[in-house]
Every structure is written in C-alpha cells, then in structure tokens.
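Data block below; observations after.
2 protein chains.
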Amino acid sequence: MTKEAGPEYQKLMEDIRERITSGEYPVGRPIPSTPRLGAMAGVSVTVVRRAVQQLQADGILEGHPGKGVFVKAVPAQAESERLDLRTLSGQVAALQREVHELTGRAATAQPADFASDLAGIREAVGRIEANLIDLYGKTGHDYPQGSARDGAEAAAGRGRRKR
Amino acid sequence: MTKEAGPEYQKLMEDIRERITSGEYPVGRPIPSTPRLGAMAGVSVTVVRRAVQQLQADGILEGHPGKGVFVKAVPAQAESERLDLRTLSGQVAALQREVHELTGRAATAQPADFASDLAGIREAVGRIEANLIDLYGKTGHDYPQGSARDGAEAAAGRGRRKR
DNA sequence: GCCCATTTGTTCGTATGTATA
DNA sequence: TTATACATACGAACAAATGGG
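Heads up: the sequence lines are chains A and B, in that order.
Take 73 as the starting number for the first sequence in the numbering used here and just add one per residue.
Take 73 as the starting number for the second sequence in the numbering used here and just add one per residue.
Rendered as structure tokens:
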C-alpha cells in the first residue's frame with residue numbers, strides 16, 4: 073500500500089509533482105490557489121505554503137503575487153536539466169533569434185499571430201529565469217525574487233508608465 | 073550598500089552565511105539555537121526557522137533534533153558573480169514583465185505599436201546577452217555562441233520555423 | 001529507569017503588505 | 001475601489017530526539 077511515512081508537506085509535494093508529470097498541471101499554467109490546495113488536501117495553508125515554497129526552491133513552480141503559482145518545469149526536467157552558463161547563454165541566443173524573427177514580420181503579420189508568438193517568447197523568458205535561479209543555487213545564494221531592479225529600469229524604460 | 077535584501081529571513085540567511093565563511097560558525101559545529109538566533113537578530117522564531125530551512129535546502133546547514141543545527145558546508149561565495157547574476161536576473165525580470173504586458177495588448181493594439189515594442193524587447197535581449205558574455209569572461213570561460221551579433225544576422229536571412 | 005529541560009521539526013491560526021485584475 | 005492571491009511575519013502548540021539529574 074502507499075507508504076506515507078513523512079510530513080504532510082512532503083506528501084503534498086509528491087502529489088503536486090505527480091499532477092505536473094501527469095499533465096493535470098501543465099507547464100506554463102497556474103496550479104490551484106493556496107487555500108484551494110489546502111481544502112483539496114485537507115491541510116492548512118501552512119502546509120501548502122511550505123510545499124509550494126520547497127517546489128519553488130527546486131525551480132519547478134514560480135509564484136506571481138496577485139496572479140497565482142505557475143508551473144515552470146516538469147520535475148524530471150528540473151532534475152536532469154542541471155544548468156550552467158552554457159545552457160543559459162544558448163537559451164538567450166534562442167530568445168534573441170525568436171524576437172528578431174518576430175520583429176521582421178511585424179509589418180505584414182496579423183495581430184493574432186503576435187499573440188501566439190509572444191506566448192512562446194514568454195515561455196523562453198521563463199526558462200531563462202529558471203536557469204538563473206538554479207545558477208543562484210549553485211553559487212550558494214538566494215534568488216532575489218522581487219527586489220532585483222539594478223538593471224531593470226534600463227530594459228523597461230520605454231513603453232510603460234503608470235500615471 | 074550591499075545590504076539590500078527585502079525580506080528579513082533573507083537578511084538573516086546572508087548574515088549566517090557570512091558568519092560561516094568568517095569562521096565564527098565553523099564546519100561541523102552547531103550554530104546557536106533557534107530562539108537564541110531570534111534574540112540575536114531581533115526577529116521572531118518564524119524568521120529564523122525560515123532562514124535555517126532554506127540554508128538546509130541549500131546543503132549548508134544540517135539539523136539534528138534534540139542536538140542542534142550543524143554547519144555542513146561553507147557557502148561558495150563569489151561576490152562578483154553574485155552581483156552580475158543580480159543584474160542579469162533583474163534584466164530578465166524586466167523583460168518578462170514587458171513581454172507579458174505586450175501579450176495582453178496583442179488583441180487590441182496596432183501593428184505599428186508592436187514594431188516599436190519589439191524593438192525595445194530586442195534591445196533588452198541584447199543587453200542580457202552582453203551581461204552574459206561579461207559573466208563568462210569573469211568566470212574564465214569562453215562564450216560558446218560566438219559573436220554577440222551572430223544571432224541577429226543569422227536569423228535575419230530567413231525566419232521560418234513554426235506554423 | 002524515570003523525569004525534565006532543551007532543541008529541532010511540524011502544524012495550526014492569523015495578520016499585514018503588495019501585486020494583480 | 002473592491003476582490004483575489006501570493007509573500008512575509010507573528011504567535012502558539014505538539015511530537016520526537018537528546019542529554020542531564
């Protein structure tokens with residue numbers, strides 16, 4: 073029978089991992105909210121937070137305040153795709169190629185095409201950030217999730233203003 | 073200046089790491105107890121638990137119930153790499169946000185707006201790659217993708233992958 | 001052997017801040 | 001403005017392991 077010799081947050085972690093690998097929680101889409109997961113598993117929000125927090129540290133999930141917790145990678149990928157600068161640079165190059173390609177078609181394509189292409193770009197950026205988090209872990213530091221704005225202003229300086 | 077971590081548990085993590093590297097908490101010996109660390113740092117036991125828990129996940133600390141939390145390894149400190157990674161992660165976060173905003177406006181905006189917005193995204197990607205190349209140089213490795221402008225020229229010829 | 005203080009580990013509940021829609 | 005949702009932080013309780021009386 074199912075061996076359940078451990079804390080509940082570890083069981084919940086295993087449960088979430090299985091739902092991701094089985095396709096119930098696809099990559100790029102959000103998992104149920106924290107209180108909802110707690111109601112489903114019959115545990116408090118503390119256990120859910122602990123499990124999600126661990127999976128975030130593993131690079132499998134990614135939380136976005138006000139939106140939800142999104143699946144970033146499949147557990148098998150997070151295990152085998154131990155990344156380094158070479159892989160990260162390859163992904164940056166792929167992203168650059170994709171953006172440039174999309175730019176070239178900006179004059180002739182339809183707005184509906186942009187939506188699907190931008191979705192692919194957004195996934196690429198997510199993968200790059202996942203590698204970045206892994207890189208932080210290898211250097212023994214913590215990933216600055218929301219407080220990283222050293223070079224952010226330069227990249228986002230155009231095309232956005234809030235009242 | 074260098075102390076600019078948002079959450080308190082991250083500051084405590086950094087503080088513990090520094091005490092380990094400085095030799096105040098030697099490898100193989102226990103760190104102060106949870107309530108003692110809380111009193112020293114002026115925070116609650118919740119923050120201490122969170123910080124210790126994260127450092128345990130990173131393989132730096134190891135807890136033994138009834139005895140204490142012992143130093144397992146010294147965190148690999150690379151100050152220059154950390155700062156570069158911080159900048160890089162900030163740029164990626166800004167790019168991610170920018171792409172997401174552009175995705176949301178995909179249905180209503182005009183092609184002319186996409187052209188200018190994509191120019192900004194391409195600029196951000198180039199900045200990220202430049203930072204990545206610099207990071208390679210400081211770690212003593214060669215950038216595997218060759219020239220920084222190869223990606224743009226290579227994709228300029230004929231961009232036709234999907235669809 | 002037994003009791004008890006210390007310490008970690010887990011869980012519960014709740015409050016506040018911030019981001020998003 | 002309101003509502004939802006994540007992130008952080010506070011306090012409290014219990015179990016299990018350890019070690020000293």
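Every residue gets a Cβ at the ideal spot worked out from N, C-alpha and C, and that includes glycine.
The structure presented is a predicted model; accordingly, all values stated were derived computationally and were not measured.
| Check | Outcome |
| --- | --- |
| Near the ligand PLP: isoleucine 88 (chain B) beta-carbon under 7 Å from a heavy atom | The ligand PLP is absent from the structure shown, which contains no ligand whatsoever. |
| Contact with chain B by glutamine 126 (chain A), beta-carbon distance below 8 Å | yes |
| Selection of the stretch 114-147 of chain B by Cβ proximity to chain A, strictly under 8 Å | Gln126, Ala129, Asp130, Ile132, Pro147 |
| At least 3 beta-carbon pairs within less than 8 Å: the stretch 134-143 of chain B vs the stretch 98-107 of chain B | yes |
| Counted within 10 angstroms of its Cβ, other Cβ atoms place glycine 114 (chain A) as buried (16 or more) or exposed | exposed |
| Complete beta strand (DSSP E) runs within the stretch 110-143 of chain B (minimum length 3 residues, chain order) | 133-136, 140-143 |
| Sub-8 Å separation of proline 147 (chain B) and threonine 106 (chain B) beta-carbons | no |
| Backbone CA spacing between isoleucine 132 (chain A) and arginine 122 (chain A) [nearest angstrom] | 14 Å |
| Classification of arginine 108 (chain B) by the beta-carbon crowding that lies within 10 angstroms, buried from 16 upward | exposed |
| Integer-rounded CB distance, given that glutamate 134 (chain B) should sit under 8 Å from glutamine 128 (chain B) | 7 Å |
| Endpoints, the alpha helix (DSSP H) within which tyrosine 81 (chain A) is located | 80-93 |
| Assigned exposure category for methionine 85 (chain A) - 16 Cβ within 10 Å defines buried | buried |
| Three-state class that DSSP yields for proline 147 (chain A) in the structure shown | helix |
| Closest residue to aspartate 130 (chain A) among A:Gly95, A:Ile88, A:Ala111 (Cα-Cα distance) | A:Ile88 |
| Close Cβ partners of arginine 91 (chain B) (< 6 Å) along its chain, the five nearest in sequence each way excluded | Tyr97 |
| Glutamine 217 (chain B), buried or exposed, once every other Cβ within 10 Å from all chains shown has been counted against 16 | The predicted position of glutamine 217 (chain B) is uncertain, since its pLDDT is 47 and thus under 50; a value taken from the coordinates is nonetheless stated next. Label assigned to glutamine 217 (chain B): buried. |
| Euclidean distance between Cα positions of valine 120 (chain B) and tyrosine 81 (chain B) | 7 Å |
| Beta-carbon contacts of methionine 112 (chain B) that lie in its chain and below 8 Å, excluding the five residues immediately before and after | Pro104 |
| Spatial neighbours of glycine 110 (chain A) in its chain, beta-carbon cut-off 8 Å, leaving aside the 5 residues before and after | Ser116, Val117, Val119, Val120 |
| Span separating the alpha-carbon of proline 79 (chain A) from that of histidine 136 (chain A) | 26 Å |
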